[in-house]
Structures are given as structure tokens and as C-alpha cells.
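One rule links them: number in my numbering = place in the sequence shown (from 1) + 3.
We put the CB at the ideal spot given by N, CA and C, even for glycine.
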Amino acid sequence: MARPNSSTESLAQTGLLAALCVVLYVLGASLPGVGRYLKLLCPGVIGIVSQRWGMRQGALLAVVSSVIIGMSVGFRELFIFALLLAPVGLVLPSLRRKGLRLEYILYWLGYTLCFTALVLILSRLMGLSLTEFIEQMSLVHYGLYGRVYQGMNISAEGFAAVVSRWIWALLPVLSLAYGAMLTLINRIVLAKGSALLPQE
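Printed below as a string of C-alpha cells:
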């Protein structure tokens, strides 16, 4: 159970973990290769604060980190952090409990809305229509996993066309897959990180 979040200790720990969150994200956004995966650990950091001091304090960490990230690496990264990573961290402690089926459904629906909003915002920031943005992202994905699709005789243009045509049906599936991946990774971060903090 979360403890009251008005103490000096809670603010100190939140500030320290906000700094860690920003460092992980900025390094992840700046380093090539494996370094880019560092930012995927941020939800676990937010989850530590949400579990220890409550969701309000976790939201404070997310807002502060979002602003600093936006000032450091641009508004695009601010929205990615705020809509793709922060929601997972805020609900992560609740998702550790068993038997809360309704919470899982609400989480998925809420995350789908965040995921969809992020797609629309990024397309606008890049000056592209939604279709153009989806086609561009599809080609980037194909560039990473092209061998798999080539083995199934799927061309880059054909792949992009199918994704663009079915994007509104695919968004809930993609949000579920991405949210599930982040949740599984950051459950470990939450468990290990919480154990490292000093206990009362």
C-alpha cells in the first residue's frame, strides 16, 4: 500500500528517480543500437514511485520528466514519453495484483487511446498525413524485419499498403502488444528497484 506522499522523503526520492528516468530516456534516445532500449525501462522507475508513494506522486514524476525530456531532446520525445511510457508506469503496481480483470480491460482501452493519440500527434509534428505517416513507419519496420517478410514473399510496398488500409483495426492490437511488452519488462524493474530503496 502506498504511503502518504507529503513527506520530504517522498519528494527527495521522487526527484532522484525523476533524474534517473530522464537520464535513461535521453541516453536511449541518443545512443545507437542497444542503447535505444534504455528508455523502455522508464515505466519501471515511475512504477516504483507510484507503488511506494501513490499514483499522484508517480504522475508528478511523469510530468516533471516529460517537461525535462521535451526541453532536452524535443517535443516529439516528450509525447512519446508521456503517451507511450508514462501510462504503463502509473498503473504498473495495480497490474501486479491478481484477479483484477476489469482493470486489465480498462488499462488496455486507455492505452489504446494514448497510443492512437501519439500516432496522430507524431504525424502532425512531422507534417505528414496519417496515411503518409503510417506508410513511413511501416517501411521503417520492414527495414528492420524485412528478411522475415521477404521469406513470405511480401514486398515493402505491399506491406505498407496493407498496414495503411487496416490501421484502425491494427491500432488496438499494436497497443496491446506494446503495452504487454512494456509491462512484462518493467515488472522486473519494479520488483528489483523497489527492493533497493531504503525501507521504513
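Do you know offhand how far residue i's Cα is from residue j's?
i: L43; j: Y152; result: 26 Å
i: A194; j: G92; result: 13 Å
i: S141; j: A159; result: 8 Å
i: S13; j: Y145; result: 45 Å
i: L125; j: F118; result: 11 Å
i: S197; j: F82; result: 27 Å
i: V25; j: I108; result: 30 Å
i: T134; j: L179; result: 21 Å
i: V122; j: L116; result: 10 Å
i: P46; j: I72; result: 14 Å
i: Q60; j: T17; result: 7 Å
i: L98; j: A183; result: 11 Å
i: A172; j: I49; result: 30 Å
i: G130; j: T11; result: 44 Å
i: I170; j: S132; result: 13 Å
i: V67; j: N156; result: 47 Å
i: L27; j: P90; result: 17 Å
i: F162; j: L88; result: 27 Å
i: R150; j: I191; result: 31 Å
i: F84; j: G154; result: 34 Å
i: A15; j: V166; result: 46 Å
i: Q139; j: A164; result: 11 Å
i: A32; j: L23; result: 14 Å
i: L251; j: Y114; result: For residue 251 there is no data in the structure shown, the boundaries of the chain being 4 and 203.
i: A62; j: V143; result: 32 Å
i: R39; j: L95; result: 22 Å
i: L185; j: R127; result: 25 Å
i: Y181; j: P35; result: 21 Å
i: M58; j: V37; result: 30 Å
For residue i, count neighbouring C-beta atoms within 10 Å of its own C-beta (all shown protein chains included) and say buried if the count is 16 or more, exposed if not.
i: R55; result: buried
i: Y148; result: exposed
i: F78; result: exposed
i: L187; result: exposed
i: L199; result: exposed
i: N8; result: Note that N8 scores 44 on pLDDT, short of 50, meaning its location in the model is unreliable and no value can be drawn from it.
i: I137; result: buried
i: M243; result: There is simply no residue 243 to check, as the chain begins at 4 and stops at 203 in what is shown.
i: L30; result: exposed
Report the CB separation of residue i from residue j in whole angstroms; it is logged as a contact under 8 Å.
i: L20; j: V70; result: Not really, about 15 Å apart at Cβ, beyond 8 Å.
i: L64; j: A120; result: With 8 Å as the limit, L64 and A120 do not qualify as a contact, their Cβ atoms being about 21 Å apart.
Indicate the three-state DSSP secondary structure (helix, strand or coil) for residue i in the structure shown.
i: L131; result: coil
i: S10; result: coil
i: L123; result: helix
i: S44; result: The sequence shown places Leu at residue 44, not Ser. Here L44 sits in helix by DSSP.
i: P35; result: coil
Using 8 Å as the limit for Cβ to Cβ distance, is residue i near chain C?
i: S53; result: Note that chain C does not occur in the displayed structure, where there is just one protein chain.
Any alpha helix (DSSP H) of 4 or more consecutive residues that is wholly inside the stretch 57-100
58-76, 78-83, 89-98
Mind listing, in chain order, the continuous alpha helix (DSSP H) runs of no fewer than 4 residues lying wholly within the stretch 137-172?
159-168
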